[in-house]
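Peer 1:
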Amino acid sequence: LLIAHGADVNARDSQDVTPLGVVIKHRHPEVVQVLKGAGGTDSTGE
């Protein structure tokens with residue numbers, strides 16, 4: 073829903089971590105695929 077309304081999938085938090093970095097850390101593979109499909113990168117830019 074947020075992605076559909078233009079949410080920035082590469083926004084960084086106060087510790088410079090992206091949403092993809094968070095879901096990788098917490099092992100949510102289905103969300104990893106959604107974020108990658110929307111152009112998301114992890115905190116290292118990969």
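The opening position of the sequence shown corresponds to residue 73 in the working numbering, with each subsequent residue numbered one higher. Here a beta-carbon is modelled for each residue, glycine too, at the ideal position from N, C-alpha and C.
Reducing DSSP to helix, strand and coil, say where V95 ends up.
Peer 2: As a working note, residue 95 is residue 23 in the sequence shown. It is helical.
Peer 1: Return the first residue and the last residue of the alpha helix (DSSP H) that Q105 is part of.
Peer 2: Position 33 of the sequence shown, counted from the first residue, corresponds to residue 105. Its alpha helix (DSSP H) spans residues P101 to G109.
Peer 1: Kindly give me the distance between the Cβ atoms of D80 and G93, rounded to whole angstroms, as I take these residues to be in contact under 8 Å.
Peer 2: Reading the sequence shown from its first residue, position 8 is the one you call residue 80. Reading the sequence shown from its first residue, position 21 is the one you call residue 93. Not really, about 14 Å apart at Cβ, beyond 8 Å.
Peer 1: Could you round the C-beta distance between V104 and I96 to whole angstroms and report it? I think they count as a contact, below 8 Å.
Peer 2: Counting from one through the sequence shown, the residue named residue 104 turns up at place 32. Counting from one through the sequence shown, the residue named residue 96 turns up at place 24. 6 Å between Cβ atoms; contact.
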